[in-house]
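Here the structure is laid out as structure tokens; the discussion comes afterwards.
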Amino acid sequence: DAGVIQSPRHEVTEMGQEVTLRCKPISGHNSLFWYRQTMMRGLELLIYFNNNVPIDDSGMPEDRFSAKMPNASFSTLKIQPSEPRDSAVYFCASSFSGSSSYEQYFGPGTRLTVT
Amino acid sequence: AQSVAQPEDQVNVAEGNPLTVKCTYSVSGNPYLFWYVQYPNRGLQFLLKYITGDNLVKGSYGFEAEFNKSQTSFHLKKPSALVSDSALYFCAVRDIPSTDYKLSFGAGTTVTVRA
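Sequences listed follow chains A and B, in order. The numbering of the first sequence is our numbering, which starts it at 68 and goes up by one. The numbering of the second sequence is our numbering, which starts it at 522 and goes up by one.
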């Protein structure tokens, strides 16, 4: 299995620009999670989907952030407009909610720098 | 509500010595417990899990963890640490009766193994 795939791996953009992060979960997994990791705040859950439906978006910082999952094999996290404080590593993770244990498998992350 | 605490921000050990990373949890029912490791510039990697059964679970890279219900703990251990074990370690929990699919992660413990 290829594992969770994220693109791009690195993104540098200017304040005010739109940023789109992409994720392909492990085939057969039906839950998908977006996390943000910073030195100050650690690992934060932003939003998660089950069977392509958003279940909990309470971690999304503000309206500038949005996420979609149009099908079982693709999800996007969009920031518009981006701000320097959005600089972080964004991880996507997937799991199979039909199992008894729910362990999540993480992608390599996208390192976002907003200047 | 489910939560975990990792009381130590950093653990430093000499190579060849035993390594212990502490984790305590809080749940309303019974827990599913997980350990993840993050190497620099990488995503989180699943190490091991406790679901039910034997309180001592074995995982990848020679790690093991002991579930202690009375102390609500799930400490990660390795009998003989290697320099390559230097990384950031996360404990995570899921409350079994919960219909939620998400895991709650601790703040992480940085392990440094010196040669």
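The beta carbon of each residue, even a glycine, is placed where N, CA and C say it ideally should be.
Span of the beta strand (DSSP E) around residue i
i	result
THR182 of chain A	Premise fails: THR182 of chain A is in no beta strand (DSSP E) and is neither H nor E.
TYR546 of chain B	545 to 547
ASN138 of chain A	132 to 138
ILE122 of chain A	120 to 123
ILE146 of chain A	141 to 146
VAL86 of chain A	86 to 91
Local conformation of residue i per DSSP, three classes
i	result
VAL563 of chain B	In the sequence as displayed, the identity of residue 563 of chain B is Arg instead of Val. Of the three classes helix, strand and coil, the one that applies to ARG563 of chain B here is coil, per DSSP.
TYR169 of chain A	coil
VAL604 of chain B	helix
ARG152 of chain A	helix
SER591 of chain B	coil
GLY109 of chain A	strand
SER581 of chain B	helix
ILE572 of chain B	coil
HIS96 of chain A	coil
PRO552 of chain B	strand
ILE114 of chain A	strand
ALA636 of chain B	coil
VAL71 of chain A	coil
Supposed contact pair residue j and residue i - C-beta distance, whole angstroms, cut 8 Å
i	j	result
GLY165 of chain A	VAL71 of chain A	About 18 Å; that fails the 8 Å criterion.
VAL156 of chain A	GLN104 of chain A	5 Å
LYS623 of chain B	LEU112 of chain A	6 Å
GLY176 of chain A	GLY627 of chain B	About 19 Å; that fails the 8 Å criterion.
Bridge partners - residue i, DSSP secondary structure assignment
i	result
GLU78 of chain A	A:LEU179
LYS623 of chain B	Its beta-bridge partners do not exist; DSSP assigns none.
GLU529 of chain B	Bridge partners of GLU529 of chain B: none, in fact.
PHE163 of chain A	In DSSP, PHE163 of chain A forms no bridge with anything.
LEU542 of chain B	One point to set straight first is that residue 542 of chain B is Val, not Leu, in the sequence displayed. According to DSSP, VAL542 of chain B bridges with B:LEU597.
THR628 of chain B	With the sequence shown as reference, residue 628 of chain B is identified as Ala, and Thr is not the correct amino acid for it. ALA628 of chain B is not bridged to any residue.
GLN523 of chain B	GLN523 of chain B is not bridged to any residue.
Query raised in the report: Listed from N- to C-terminal order along the chain, which residues in the stretch 103 to 123 of chain A have their beta-carbon within a distance smaller than 8 Å of any beta-carbon of chain B?
Result: GLY109, LEU110, LEU112, TYR115, ASN117, ILE122, ASP123
Query - Near-chain A residues of the stretch 619 to 635 of chain B (beta-carbon distance less than 8 Å), N- to C-terminal order - result: Against chain A - using a Cβ distance shorter than 8 Å - the residues of the stretch 619 to 635 of chain B are ASP621, TYR622, LYS623, LEU624, PHE626, ALA628, GLY629.
Requested in this report: With 8 Å as the C-beta to C-beta threshold (strictly closer), list the residues of the stretch 563 to 586 of chain B near chain A in chain order.
Outcome: ARG563, GLY564, LEU565, GLN566, PHE567, LYS570, ILE572
**Report entry** the stretch 522 to 554 of chain B: positions lying closer than 9 Å to chain A by Cβ
**Finding:** TYR553
Query raised in the report: What residues from the stretch 592 to 612 of chain B come within 9 Å of chain A, judged by C-beta to C-beta, listed N to C?
Result: For the stretch 592 to 612 of chain B, the set of positions with a beta-carbon nearer than 9 Å to some beta-carbon of chain A reads PHE611 in chain order.
**Report entry** Within 8 Å of chain B by C-beta, residues of the stretch 153 to 174 of chain A in sequence order
**Finding:** PHE158, ALA160, SER162, SER164, SER167, SER168, TYR169, GLU170, GLN171, TYR172, PHE173, GLY174
Requested in this report: Check each residue of the stretch 89 to 102 of chain A: if its Cβ is closer than 8 Å to any Cβ of chain B, include it; give the result in chain order.
Outcome: SER98, PHE100
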